[in-house]
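Just so you know, the sequences run in chain order A and B.
Numbered per numbering that gives the first Met the number 0, the first sequence finishes at 422, counting up by one with no gaps.
Numbered per numbering that gives the first Met the number 0, the second sequence finishes at 174, counting up by one with no gaps.
Each remark here refers to the structure printed beneath this line.
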Amino acid sequence: MSDSFAAGGGLLSRRRLLGGGLAAGAVAAAGSLGLVEAVRAEAALPAWQTEPGLEVRPYGVPDSHEADVRRAIIQVYKELAPAYSFSGTPLHRLRGTITPSGLHYEVHHGGRPELDPARHRLRIHGLVERPLAFDLEALERYPMISRVHFLECAGNSFMNAHAEQAPQMGCDMLHGLVSNSEWTGVPLRLLLEEAGVRPEGRWLVAIGDDAPGLARSIPMEKAMRDGMLALYQNGERIRPEQGYPMRVLLPGYEGNMNVKWVTALQVVERPAHTKDESGEYTDLLADGKVIALSFTMGVKSVITHPSGGMSMSGPGLYEISGLAWSGTGPVTKVEVSADAGASWAEALLHPPVLDRALVRFSIPWKWSGAPALLQSRAHDGSGAVQPTRSEWKKRYSPANVNHNNSIQAWRVTQDGAVQNVYT
Amino acid sequence: MSTRNRAWIAATAIALATSGAEAEGPGLGVPLAPGEIPRFASVVLPDGAGLPPGRGTAREGASIYAAKCARCHGVTGTEGPIQPPVAPARQYAKPAGRHWPHATTLFDYTKRAMPFDAPKSLSDDEAYAVVAWILYRNGLVAEDEIVDAKSLPRVEMPNRSNTIDLYERQGEKPY
Numbered sequence: 000m001s002d003s004f005a006a007g008g009g010l011l012s013r014r015r016l017l018g019g020g021l022a023a024g025a026v027a028a029a030g031s032l033g034l035v036e037a038v039r040a041e042a043a044l045p046a047w048q049t050e051p052g053l054e055v056r057p058y059g060v061p062d063s064h065e066a067d068v069r070r071a072i073i074q075v076y077k078e079l080a081p082a083y084s085f086s087g088t089p090l091h092r093l094r095g096t097i098t099p100s101g102l103h104y105e106v107h108h109g110g111r112p113e114l115d116p117a118r119h120r121l122r123i124h125g126l127v128e129r130p131l132a133f134d135l136e137a138l139e140r141y142p143m144i145s146r147v148h149f150l151e152c153a154g155n156s157f158m159n160a161h162a163e164q165a166p167q168m169g170c171d172m173l174h175g176l177v178s179n180s181e182w183t184g185v186p187l188r189l190l191l192e193e194a195g196v197r198p199e200g201r202w203l204v205a206i207g208d209d210a211p212g213l214a215r216s217i218p219m220e221k222a223m224r225d226g227m228l229a230l231y232q233n234g235e236r237i238r239p240e241q242g243y244p245m246r247v248l249l250p251g252y253e254g255n256m257n258v259k260w261v262t263a264l265q266v267v268e269r270p271a272h273t274k275d276e277s278g279e280y281t282d283l284l285a286d287g288k289v290i291a292l293s294f295t296m297g298v299k300s301v302i303t304h305p306s307g308g309m310s311m312s313g314p315g316l317y318e319i320s321g322l323a324w325s326g327t328g329p330v331t332k333v334e335v336s337a338d339a340g341a342s343w344a345e346a347l348l349h350p351p352v353l354d355r356a357l358v359r360f361s362i363p364w365k366w367s368g369a370p371a372l373l374q375s376r377a378h379d380g381s382g383a384v385q386p387t388r389s390e391w392k393k394r395y396s397p398a399n400v401n402h403n404n405s406i407q408a409w410r411v412t413q414d415g416a417v418q419n420v421y422t
Numbered sequence: 000m001s002t003r004n005r006a007w008i009a010a011t012a013i014a015l016a017t018s019g020a021e022a023e024g025p026g027l028g029v030p031l032a033p034g035e036i037p038r039f040a041s042v043v044l045p046d047g048a049g050l051p052p053g054r055g056t057a058r059e060g061a062s063i064y065a066a067k068c069a070r071c072h073g074v075t076g077t078e079g080p081i082q083p084p085v086a087p088a089r090q091y092a093k094p095a096g097r098h099w100p101h102a103t104t105l106f107d108y109t110k111r112a113m114p115f116d117a118p119k120s121l122s123d124d125e126a127y128a129v130v131a132w133i134l135y136r137n138g139l140v141a142e143d144e145i146v147d148a149k150s151l152p153r154v155e156m157p158n159r160s161n162t163i164d165l166y167e168r169q170g171e172k173p174y
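Here you go:
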């Protein structure tokens, strides 16, 4: 079969692999070494063929050979405040779109509390007719909904935002503060209606039960429309790192607002301008102005395979694969370029393409062995498209790190190294 | 008030009027009396609501800051290494006393979350005094000026008029 190129640099039609035009497996097998040796080695039977295996166990964990698939730890003030810590999802070691619960990213401003779920209460008070308290047992009786949504820290990709030289790191460090889960819980609307929100109660302040009592103001309109009190993550109770036993979930909004270990919803008239909405999560503009209350995460994507720190195993056919998402709604299109942005080809979006959830994209690529520059560019239903890094930087102060949704570029060198570069 | 906000209030009013006896949940919330709401289940608001009795001055706050805050934020509040609160700060664009739009937030956060190793350990007077010191070092109050529930909301923060409320301006649309 002759190659049908979809764009420069060796990008092939996105339908090629799935359409069966070429047996990708055969290419992979031909490229792997030692098949004959492996067959010979099987003459000596391994233990797992000659002895019974292990018994069942009550809770499974990944195979021991996968022990290095872990979150990347980031402690920016390690000596003075070690609990002020982040961990990044190893996006480049995962496939599909659901983040295993144990690999979901973390950002903790005051560490992860080990609280007693039997003592935990959610209190709704302030501008309501009936201040109410709910315990976990009561909440279990409420109707629940399940939704797949991404969470992304507003500071995700902060290193690319401010480092003068492109940091040579992997996707876990550069972009790992985004994850995707199926969340199950009680619509906030049900609980707020039970308390009876007064007409002037147009905002609520969600307050966590962690050491610093993290607090964020949330528009009542948002809470009523699709806010959730999430109790379950990927089918099991929410992990401690994600707010056990309950957290706020606000689809599409910056991660910090999805308050973990939530213990209070204080209904108020106007935003409270808490510490995080006054400092940590404001955005510094190029003209010196400051943006506060910028809630929605912009459209974004990143190529995870190949990505920073990986190395190519010689010229030939590869599948470029990555993740895309938008806080405004479903991703509508992802384009990929292999020739430094001179031409772009549309990647395949793997269904289901969900609203405010990660979507996997892919496109086949025939790497000639020459240096290449790989980029992905996502579009969403609002018409928004990812900016280049230099376009994004122009809008903001040099010190700004939040809401960096700019295009990630990976340089593939002649010897197959994959490096982070700025464009 | 924006058109969007008016529409929201109207929609709420309709929803309240039409929500009848058909509750969607089992109604298991336990009523709370005002005294049963824990202190840290509320935040202090920009108009001063939620500020407790008590008071402090920068002169009083200096020794508390030196003992409990300087290690992370720097002796003069400008050095850090962690998020120094006094402007101009070394390598930090958002010193709280210059960047935050409301002085009330300084009290809320200091009382609720600081010091990092022992949050909620400052008395209200101590928290007012530390806040007074931060404001004083930023040139916003005098050294012996009393900072309390009455005076704190009146402090004019320099960055307030420079701060754009993006949600008010364009709703959920990203910048």
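Just so you know, even glycine gets a beta-carbon here, dropped at the ideal spot from N, CA and C.
Worksheet item: So is residue 297(A) in contact with chain B if we call contact Cβ pairs under 9 angstroms?
Response: Start at 1 with the first residue of the first sequence, and residue 297(A) comes out as number 298. Closer than 9 angstroms to some Cβ of chain B, the Cβ of residue 297(A) qualifies, so yes.
Discussion item. Between the alpha carbons of residue 132(A) and residue 258(A), how many angstroms are there, rounded?
Written reply: Mapped onto the first sequence, residue 132(A) falls at position 133. Mapped onto the first sequence, residue 258(A) falls at position 259. About 17 angstroms.
Worksheet item: Going along the segment 35-48 of chain B in order, which residues come within less than 9 angstroms of chain A, judged by CB to CB distance?
Response: If the cut-off is 9 angstroms between Cβ atoms, the segment 35-48 of chain B has 35, 36, 37, 39, 40, 41, 42, 43, 44, 45, 46 and 48 near chain A.
Worksheet entry | Residues near residue 147(A) by beta carbon distance below 6 angstroms, same chain, minus five either side | One-based indexing of the first sequence puts residue 147(A) at position 148. Closer than 6 angstroms at Cβ, skipping near neighbours: 181, 353 and 356.
Worksheet entry | Assumed close pair residue 103(A), residue 213(A) - CB separation to whole angstroms, cut-off 8 angstroms | The sequence position of residue 103(A) within the first sequence is 104, counting from 1. The sequence position of residue 213(A) within the first sequence is 214, counting from 1. That belief does not hold up - the Cβ atoms of residue 103(A) and residue 213(A) are roughly 17 angstroms apart, past 8 angstroms.
Item to complete: Give me the Cα-Cα distance between residue 133(B) and residue 276(A), rounded to the nearest whole angstrom.
Response: Here residue 133(B) corresponds to residue number 134 of the second sequence, with the count starting at 1. Here residue 276(A) corresponds to residue number 277 of the first sequence, with the count starting at 1. About 19 angstroms.
Discussion item. So for residue 363(A), helix, strand or coil by DSSP?
Written reply: By 1-based counting over the first sequence, the position of residue 363(A) is 364. Residue state, collapsed to three classes: strand.
Discussion item. Please identify, using Cβ separations under 8 angstroms, the residues of the segment 55-86 of chain B that lie next to chain A, in order along the chain.
Written reply: The residues in question are 70, 71, 80, 81 and 82.
Worksheet item: So, helix, strand or coil for residue 205(A), using DSSP?
Response: By 1-based counting over the first sequence, the position of residue 205(A) is 206. Strand.
Worksheet entry | CA-to-CA distance, residue 10(A) to residue 165(A), given in whole angstroms | Translated into positions along the first sequence, residue 165(A) becomes position 166. Translated into positions along the first sequence, residue 10(A) becomes position 11. Using only the alpha carbons, I get a separation of about 25 angstroms.
Worksheet item: How big is the Cα-Cα spacing for residue 363(A) and residue 143(A)?
Response: Within the first sequence, the letter at position 364 stands for residue 363(A). Within the first sequence, the letter at position 144 stands for residue 143(A). Using only the alpha carbons, I get a separation of about 40 angstroms.
Worksheet entry | Euclidean distance between Cα positions of residue 203(A) and residue 151(B) | For the purposes of this step, residue 203(A) is taken as the residue at position 204 of the first sequence. For the purposes of this step, residue 151(B) is taken as the residue at position 152 of the second sequence. If I take the Cα positions, the gap works out to 23 angstroms.
Practice prompt. Report yes if the C-beta distance between residue 405(A) and residue 392(A) is below 9 angstroms; otherwise report no.
Written response: Here residue 405(A) refers to the residue found at position 406 when the first sequence is read from its first residue. Here residue 392(A) refers to the residue found at position 393 when the first sequence is read from its first residue. It is a contact, given that the beta carbons lie within the stated cut-off.
Item to complete: Indicate whether residue 163(B) and residue 291(A) have their beta-carbon atoms separated by less than 9 angstroms.
Response: On the second sequence, position 164 is the one that residue 163(B) refers to. On the first sequence, position 292 is the one that residue 291(A) refers to. Yes, the Cβ-Cβ distance between residue 163(B) and residue 291(A) is below 9 angstroms.
Practice prompt. Under 7 angstroms between beta-carbons, which chain B residues line up against residue 140(A)? List them in chain order, please.
Written response: Position 141 of the first sequence, counted from the start, is the residue given in the question as residue 140(A). Near residue 140(A) (Cβ distances below 7 angstroms), the residues of chain B are 25 and 27.
Fill in: Within chain A, the residues that residue 164(B) reaches when beta carbons sit closer than 7 angstroms
The residue labelled residue 164(B) in the question sits at position 165 within the second sequence. Here the neighbours are 291 and 292.
Practice prompt. State the start and end residues of the unbroken alpha helix (DSSP H) segment that holds residue 60(A).
Written response: Along the first sequence, one-based indexing puts residue 60(A) at 61. In the DSSP assignment, residue 60(A) falls outside any alpha helix (DSSP H) and carries neither an H nor an E.
Item to complete: Take residue 448(A) and list the residues in its own chain whose beta-carbon comes closer than 8 angstroms to its own, dropping the five residues that flank it on each side.
Response: The requested residue 448(A) does not occur in the structure, where chain A is confined to residues 0 to 422.
Worksheet item: Relative to chain A, which residues along the segment 117-129 of chain B have a C-beta separation below 7 angstroms, given in chain order?
Response: Residues are counted here when their Cβ sits less than 7 angstroms from a Cβ of chain A; for the segment 117-129 of chain B these are 118, given in chain order.
Worksheet item: So which of 324(A), 418(A) and 278(A) has the shortest CA-CA distance to residue 100(B)?
Response: Counting from one through the second sequence, the residue named residue 100(B) turns up at place 101. For residue 100(B), the nearest C-alpha among the options comes from 278(A).
Fill in: Three-pair Cβ contact test at 8 angstroms for the segment 226-235 of chain A versus the segment 60-68 of chain B
no
Discussion item. Rounding to the nearest angstrom, what Cα-Cα distance links residue 77(A) and residue 110(A) in this structure?
Written reply: Mapped onto the first sequence, residue 77(A) falls at position 78. Mapped onto the first sequence, residue 110(A) falls at position 111. Cα-Cα distance, rounded: 12 angstroms.
Worksheet item: Based on the DSSP output, what are the partners of residue 148(A) in its beta bridges?
Response: Counting from 1 along the first sequence, the entry for residue 148(A) is found at position 149. According to DSSP, which records beta bridges pairwise, residue 148(A) is partnered with 180(A).
Practice prompt. Verify the CB distance criterion: does residue 265(A) have a CB-CB separation below 9 angstroms to chain B?
Written response: In the first sequence, counting from the first residue as 1, residue 265(A) sits at position 266. At least one chain B Cβ lies under 9 angstroms of residue 265(A).
Discussion item. Using beta carbons (cut-off 9 angstroms, strictly below), is residue 123(A) in contact with chain B?
Written reply: For the purposes of this step, residue 123(A) is taken as the residue at position 124 of the first sequence. Taking Cβ atoms only, chain B reaches closer than 9 angstroms to residue 123(A), which makes this a yes.
Worksheet item: Hey, which unbroken runs of the alpha helix (DSSP H) at 4 residues or more fall wholly within the segment 37-112 of chain A?
Response: 46-49
Fill in: Alpha-carbon to alpha-carbon, residue 73(B) and residue 118(A)
Numbered from 1 along the first sequence, position 119 holds the residue referred to as residue 118(A). Numbered from 1 along the second sequence, position 74 holds the residue referred to as residue 73(B). Rounded to the nearest angstrom, the two C-alpha atoms are 38 angstroms apart.
Fill in: Beta-carbon proximity list for residue 25(B), same chain, < 7 angstroms, skipping 5 on both sides
Reading the second sequence from its first residue, position 26 is the one you call residue 25(B). So no residue of the chain qualifies.
Worksheet item: Would you say residue 155(B) reaches chain A, if we count a Cβ-Cβ gap shorter than 9 angstroms as a contact?
Response: Taking the second sequence and counting its residues from 1, one reaches residue 155(B) at position 156. Residue 155(B) does not count as touching chain A.
Worksheet item: Quick one: does residue 149(B) have its CB under 9 angstroms from some CB of chain A?
Response: Numbered from 1 along the second sequence, position 150 holds the residue referred to as residue 149(B). For residue 149(B), no Cβ of chain A is located within less than 9 angstroms of the residue's own Cβ.
Worksheet item: Going by the CB atoms, is the gap between residue 123(B) and residue 49(B) shorter than 9 angstroms?
Response: Within the second sequence, residue 49(B) is the residue found at index 50, counting from 1. Within the second sequence, residue 123(B) is the residue found at index 124, counting from 1. In this structure, residue 123(B) does not lie closer than 9 angstroms to residue 49(B) by Cβ.
Worksheet item: Does the beta carbon of residue 177(B) come closer than 9 angstroms to any beta carbon on chain A?
Response: Past the edges of chain B, shown from 0 to 174, lies residue 177(B), and the structure says nothing about it.
Worksheet item: Taking Cβ positions only, does residue 262(A) come closer than 9 angstroms to chain B?
Response: For this step, residue 262(A) is matched to residue 263 along the first sequence. Yes, because at least one Cβ of chain B sits closer than 9 angstroms to the Cβ of residue 262(A).
Practice prompt. Examine chain B for any beta-carbon lying closer than 9 angstroms to the beta-carbon of residue 366(A), and answer yes or no.
Written response: In the first sequence, the residue the question calls residue 366(A) occupies position 367. Chain B contact via Cβ: absent.
Worksheet entry | chain A contact residues for residue 111(B), given Cβ-Cβ distances below 7 angstroms | Here residue 111(B) refers to the residue found at position 112 when the second sequence is read from its first residue. For residue 111(B), the chain A residues whose Cβ falls inside 7 angstroms of its Cβ are 211 and 212, in order along the chain.
Worksheet item: Within this structure, are the beta carbons of residue 262(A) and residue 295(A) separated by less than 9 angstroms?
Response: For the purposes of this step, residue 262(A) is taken as the residue at position 263 of the first sequence. For the purposes of this step, residue 295(A) is taken as the residue at position 296 of the first sequence. No; because the gap between Cβ atoms is not below 9 angstroms, this pair is not in contact.
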